[in-house]
Amino acid sequence: MTGLPASPSPKRLGLVIDLDTCVGCHACATNCKEWNAGGISGPLTDINAYQAEQRGVWFNRVFSYEANGGDCGSRTVHFPKNCLHCEKPECVTVCPTGASYKRAEDGIVLIDPDKCIGCKLCSWACPYGARELDEDQGVMKKCTLCVDKIYNTNLPEEDRVPACVATCPTKARHFGDFNDPLSDVSRLTRERGGFDLMPETGYQPTSKYLPPRKAAPTPPATKLNAVSNAVENPFLRWIDRALSR
Amino acid sequence: MHPASSVIFFTAASGAGYGLLAWLGLCAAFDLLPPEPLFGFVALGLATVLITGGLLSSTLHLGRPERAWRAFSQWRSSWLSREGVAAVATYVPALALALGWIVLRRLDGVFAVSGLAAAAMSVVTVFCTAMIYQSLKPVRQWNNRWTVANYLLLALYSGGILITLLTLIFGLFRPLFAETTLAALVTAAAGKALYWRSIDAETPRSTLRSATGLTDFASVRLFEAPHTEANFIMREMGFSIARKHARKLRGIAVIALFALPAVLLLAAVAWAGGRPGLAVGAALAATISAGIGVGVERWLFFAEATHTSMLYYGERA
């Protein structure tokens, strides 16, 4: 059923992505592809994998932006983007077949690949570009928040986090329940001013981003004791400089 | 947005088909056409071919066409599903109308009611088609209050051209058909002009700054894309050929869809009494011109539309 769950889910699972610490290494995207090529979403088909015009499905893609001006100075911001598992995901409600759904228990947005007809309407309805067509299988695919990993009791408990989170070398990605005020994701969102992407669309994304930290205030230029350039004799200039320190 | 030819053909053909069916249903209900079997067969047949051909063509862009039947299930939330249900439901009054018109040669009582029902369901189906687009928030050129009006007016206008042509061929023409078609033409042209003015004047609601949330910076620009080759999102949402030529294409659409058919329809009305052959020729030329025009208009409707996901790739939306 593509109607959204009637009541808010008891858990709201999602990610917090820290734009301050992400170094743009693409490990999250790579490990995502690695896990999901074999999990319930697999295979994540690549067409022309080893030649020009390669195209294939990735759930996670890492952009880099050049941000300038304002309070933050200028910097390069690495920006990983995958499904945000919105509270009001219109990619779900537009689905004509019932293949797309939002889980009532934890809010994860999923696609049933056995029902999807590949009409692509959900990709049109997603403002974030988080859904992609698997051309080989003719169905839409998207981030599952590694639903086949986070609940997998065959794995040690510390490994039951999404592949992108597990692999991040700078701990820029955090996974947890936003309904639990004591979870890492809730705490980080609260303390670091976590924000929504494109809040104006009204999709109410669950996953949040943390802003790059403000630039440290530029220290006032330390006033060097004036060294008289007027002194022509190099030895006297050196004496002047040495004694001025 | 990528203009898939199957979807362009679908919306244009089924729009004209539903427009024609609506006209035929109203003419049957209000006794404006006689229950002439051959005319009924050709006119209702043409409407059915356009509608069915369009619907079948729309399944061509599916990744898994064999599962298309599943699309009837989610009418509670999905406009695409509602469109499918309405499209199939329209066949019921349309078949009843055909039974009266072609087999029983009567258009009174239950058949008049079927005509009204077929007209109403045609409007409902085109409305659902248009709502698929109008309800999509990420595409501001579709999420526009003129979208539904454009679809409905163009369906009625293109159906009107077809009924003018068919009644001229069969000698059942009344000036009322051409006059109403001309009124629909003028209203559709005004609606399209208002649509274009609206999307040109609008300030995009989302920018790269709101898309990335980097609102504390004065400016944000793409430094490096995530990959070197175009992905599905870029191919589906990033089509930009028509935007480059939007002015010229709009001119072509206005001439082929509105200006030429208006002149040709007026000529057809003038010739309808004395020179029926010329009148049919003019109406046929108007139909062909409008057919080309609606194709360009629909192509532009897709190609001019921008999607917020392309903001991340450094494009405008």
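Residue numbers (my numbering), protein chains in the order written: chain A, 199 to 443; chain B, 13 to 329.
We treat Cβ as the ideally placed atom computed from N, Cα and C, and that holds for glycine.
Start and end residues, beta strand (DSSP E) containing residue i
i, result
"Asp332 (chain A)", "330-332"
"Ser231 (chain B)", "231-236"
"Phe373 (chain A)", "371-375"
"Lys406 (chain A)", "406-408"
"Lys260 (chain B)", "Run containing Lys260 (chain B): none in the beta strand (DSSP E); it sits in the alpha helix (DSSP H), 258-265."
"Ile309 (chain A)", "307-309"
"Val363 (chain A)", "Not the beta strand (DSSP E): Val363 (chain A) falls in the alpha helix (DSSP H), residues 361-365."
Beta bridge counterpart(s) of residue i as assigned by DSSP
i, result
"Asp244 (chain A)", "A:Gly254"
"Phe277 (chain A)", "A:Phe261"
"Met133 (chain B)", "The partner list for Met133 (chain B) (beta bridge, DSSP) is empty, contrary to what the question assumes."
"Gly186 (chain A)", "As displayed, chain A neither begins before 199 nor continues past 443, which places residue 186 (chain A) out of reach and without an answer."
"Asn266 (chain A)", "B:Ser231"
"Met322 (chain B)", "BP columns for Met322 (chain B) are empty, so no partner."
"Val122 (chain B)", "BP columns for Val122 (chain B) are empty, so no partner."
"Phe393 (chain A)", "A:Tyr407"
"Val337 (chain A)", "A:Asp332"
Proximal chain B residues relative to residue i, where beta-carbon distance stays under 8 angstroms
i, result
"Ile309 (chain A)", "The premise fails here: Ile309 (chain A) is roughly 12 angstroms from chain B at the closest Cβ pair, so nothing lies under 8 angstroms."
"Glu430 (chain A)", "Here the premise fails: no neighbours, minimum Cβ distance about 47 angstroms."
"Gly316 (chain A)", "Leu74, Gly75, Arg76"
"Gly336 (chain A)", "Leu74, Gly75, Arg76"
"Pro409 (chain A)", "Gly225, Leu226, Asp228"
Within chain B, the residues that residue i reaches when beta carbons sit closer than 9 angstroms
i, result
"Asn266 (chain A)", "Phe229, Ala230, Ser231, Val232, Arg233"
"Pro415 (chain A)", "The contacting residues do not exist; Pro415 (chain A) stays about 15 angstroms from chain B at best."
"Val275 (chain A)", "Thr224, Leu226, Phe229, Val232, Phe235"
"Pro198 (chain A)", "The structure shown does not extend to residue 198 (chain A), since chain A is modelled only from 199 through 443, so no value can be given for it."
"Leu395 (chain A)", "Ser222, Ala223, Thr224, Gly225"
Beta-carbon spacing of residue i, residue j below 8 angstroms
i, j, result
"Leu166 (chain B)", "Ala280 (chain B)", "no"
"Leu202 (chain A)", "Lys300 (chain A)", "yes"
"Asp375 (chain A)", "Ala364 (chain A)", "no"
"Gly305 (chain B)", "Ala268 (chain B)", "yes"
"Lys149 (chain B)", "Pro206 (chain A)", "no"
"Leu66 (chain B)", "Ser26 (chain B)", "Note that residue 66 (chain B) is Gly in the sequence shown here, rather than Leu. In contact: Gly66 (chain B) and Ser26 (chain B) (Cβ atoms closer than 8 angstroms)."
"Ala361 (chain A)", "Cys341 (chain A)", "no"
"Ala323 (chain A)", "Val345 (chain A)", "no"
"Arg259 (chain A)", "Ala265 (chain A)", "no"
"Pro294 (chain A)", "Ala237 (chain B)", "no"
"Ser210 (chain B)", "Trp283 (chain B)", "no"
"Ser262 (chain A)", "Lys339 (chain A)", "no"
"Pro49 (chain B)", "Leu119 (chain B)", "no"
"Trp87 (chain B)", "Val100 (chain B)", "no"
C-alpha distance - residue i paired with residue j, whole-angstrom precision
i, j, result
"Gly57 (chain B)", "His14 (chain B)", "32 angstroms"
"Ala223 (chain B)", "Arg262 (chain B)", "30 angstroms"
"Glu389 (chain A)", "Val307 (chain A)", "27 angstroms"
"Tyr207 (chain B)", "Asn156 (chain B)", "8 angstroms"
"Ile315 (chain A)", "Val138 (chain B)", "22 angstroms"
"Val275 (chain A)", "Ser321 (chain B)", "18 angstroms"
"Gly52 (chain B)", "Arg94 (chain B)", "28 angstroms"
"Tyr169 (chain B)", "Ala200 (chain B)", "7 angstroms"
"Pro367 (chain A)", "Cys223 (chain A)", "9 angstroms"
"Gly121 (chain B)", "Ile309 (chain A)", "49 angstroms"
"Ala142 (chain B)", "Asp382 (chain A)", "44 angstroms"
"Leu38 (chain B)", "Leu128 (chain B)", "6 angstroms"
"Val115 (chain B)", "Ser90 (chain B)", "37 angstroms"
"Asn352 (chain A)", "Leu107 (chain B)", "59 angstroms"
"Gly446 (chain A)", "Ala131 (chain B)", "Any answer about residue 446 (chain A) is impossible in this case: the structure gives chain A only from 199 up to 443."
"Tyr163 (chain B)", "Ser231 (chain B)", "39 angstroms"
"Pro187 (chain B)", "Trp113 (chain B)", "22 angstroms"
"Arg233 (chain B)", "Gly326 (chain B)", "7 angstroms"
Opening and closing residue of the alpha helix (DSSP H) in which residue i lies
i, result
"Met249 (chain B)", "244-249"
"Lys204 (chain B)", "187-213"
"Ser298 (chain A)", "Note, Ser298 (chain A): premise wrong, no alpha helix (DSSP H); beta strand (DSSP E) at 298-300."
"Val221 (chain A)", "Val221 (chain A) -> no alpha helix (DSSP H), and no H or E assigned at all."
"Leu276 (chain B)", "272-284"
"Ile437 (chain A)", "432-442"
Residue i: contacting residues in chain B (beta-carbon distance under 7 angstroms)
i, result
"Asp269 (chain A)", "Asp228"
"Cys293 (chain A)", "Gln86, Ser90"
"Gly201 (chain A)", "Arg88, Ser89"
"Lys279 (chain A)", "Tyr324"
"Gly240 (chain A)", "Per Cβ cutoff of 7 angstroms: no residues; Gly240 (chain A) is ~17 angstroms from chain B at best."
Partner residues on chain A for residue i, Cβ-Cβ distance less than 9 angstroms
i, result
"Thr137 (chain B)", "Within chain A, no residue comes near Thr137 (chain B); the closest Cβ sits about 14 angstroms away, beyond 9 angstroms."
"Ser126 (chain B)", "Those do not exist, as Ser126 (chain B) stays about 28 angstroms from chain A at its closest Cβ, beyond 9 angstroms."
Contact set between residue i and chain A, taken where Cβ atoms lie within less than 7 angstroms
i, result
"Pro238 (chain B)", "Arg259, Val260, Phe261"
"Thr102 (chain B)", "Those within 7 angstroms of Thr102 (chain B) in chain A number zero; the least Cβ separation is about 17 angstroms."
"Thr141 (chain B)", "What Thr141 (chain B) touches in chain A: nothing, since even the nearest Cβ is about 12 angstroms away."
"Ser252 (chain B)", "The contacting residues do not exist; Ser252 (chain B) stays about 16 angstroms from chain A at best."
Closer than 8 angstroms at the beta carbon, the chain A residues around residue i
i, result
"Phe244 (chain B)", "Arg253, Val255, Ser321, Glu330, Leu331, Glu333"
"Pro150 (chain B)", "Trp322, Ala323, Cys324, Pro325, Thr399"
Residue i CB to nearest heavy atom of the ligand GTP below 7 angstroms
i, result
"Phe123 (chain B)", "Of the ligands one can find in the structure shown there are none, so the ligand GTP has no counterpart to examine."
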